[in-house]
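Some notes on the structure that comes next.
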Amino acid sequence: MDFIVELVVSVLIVLGGIFALVGSVGMVKLPDLLTRLHAPTKATTLGVGGALVASMVFFAGLEGRLSIHEVLITAFLFLTAPISAHFIAKAHLHEYPELREDLPDTGRPLGWSTFERMPDEDEVAEETEDDRHAAHH
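Numbering (our numbering), first residue to last: 202 to 338.
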């Protein structure tokens, strides 16, 4: 039984290391901030997650106790990584407004939420009506 646990832990650590390596290489090689942002928020997060899951399996399988620390760290990591990436991307779009022209259409009257202006009451009512209509179809 110990052999199987050790094998699972080893596989998880190797997979986590591969994801972390891919995320690190992506951060160095990708051309601009918005594409580089995917590397640490996706691949590196999965890499750290693999190491944390390996630690949970190790303590549960070999020592017979559940380690809640890794669960809390994983939850914190998976909650904060996308939120911080979103804030960084928004700040970058504010710093370089010419990048907004290349973004796809959102299908809403206000476009991307870059706080260029406050929405009019008519736009908010129209958007709410469109959302209600789309929800029924």
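Beta carbons are placed, not taken as given, at the ideal position from N, Cα and C, and that holds for glycine.
- Only buried fits GLY224, as 16 or more other CB atoms lie within 10 angstroms of its CB.
- In the displayed model, THR307 falls within coil according to three-state DSSP, outside both helix and strand.
- Rounded to the nearest whole angstrom, the C-alpha separation of ILE214 and ASP233 is 30 Å.
- Excluding its 5 nearest sequence neighbours in each direction, HIS293 has C-beta neighbours in its own chain below 7 Å: LEU234, LEU235, listed in chain order.
- Collapsing the DSSP output to three states places GLU299 in a helix.
- Distances from the alpha-carbon of PHE204 to those of VAL258, ARG237, VAL254, ASP321 put VAL258 closest.
- Residue burial is scored here from C-beta neighbours: VAL210 has at least 16 other C-beta atoms within 10 angstroms and is therefore classed as buried.
- As the crow flies, the alpha-carbon of VAL249 is around 8 Å from that of PHE220.
- Scanning its chain for C-beta atoms nearer than 7 Å, with the 5 sequence neighbours on each side dropped, one finds around ALA286 the residues LEU238, THR242, in chain order.
- LEU253 sits away from ILE269, with the two beta carbons spaced by 8 Å or more.
- With a cutoff of 8 Å on beta-carbon distance, PHE279 and THR246 are scored as near each other.
- Taken atom to atom, the span from the alpha-carbon of ALA255 to that of GLU264 is near 13 Å.
- Boundaries of the alpha helix (DSSP H) harbouring ARG237: 234-237, taken from the DSSP string.
- For LYS230, the enclosing alpha helix (DSSP H) has its first and last residue at 203-230.
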